[in-house]
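Numbering (my numbering), first residue to last: 547 to 652.
Before any comments, here is the structure.
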């Protein structure tokens, strides 16, 4: 089994990749990254039930806190992208309705 810090660092790295992909608008890889994160969280949960030196626990907590902050930013970005897509969809629907209405006058 990996150490607590190794798992926490891996979680941070995957969360950072998730953030980078989201920020770049590359939404396809997100599902795979989320699955990897879920697996790591489960492994961290299992590892956290064992005895670890205080220093290792403290460092793991810092890494996990950083992951949480990045995850919040990912959620904000995804919410923003969802809202933007919703606006674009509404504009498209209005254009379709207008085009249909104008078509009656041909």
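We put the beta carbon where it would ideally sit given N, CA and C, even for glycine.
Since we're looking at a predicted model, the values are computed, not measured.
query: What is the C-beta distance between residue 553 and residue 586, in whole angstroms, given that I count them as a contact (C-beta under 8 Å)?; result: 6 Å
query: Whole angstroms is fine: what's the gap from residue 569's alpha carbon to residue 598's?; result: 35 Å
query: Just the C-alpha distance for residue 615 and residue 581, rounded to the nearest angstrom, thanks.; result: 19 Å
query: Apart from the five residues just before and just after residue 617, which ones in its own chain have a Cβ nearer than 7 Å to its Cβ?; result: 561
query: Does DSSP put residue 595 in a helix, in a strand, or in coil?; result: coil
query: Using C-beta distances below 7 Å, list every residue in its chain close to residue 565, excluding the 5 sequence neighbours before and after it, in chain order.; result: 616, 619, 620
query: Out of 639, 627, 609, state which residue places its alpha-carbon closest to the alpha-carbon of residue 572.; result: 627
query: Look up residue 572 in the DSSP assignment and say whether it is helix, strand or coil.; result: coil
query: With the cut-off set at 8 Å, would you say residue 613 and residue 557 are in Cβ contact?; result: yes
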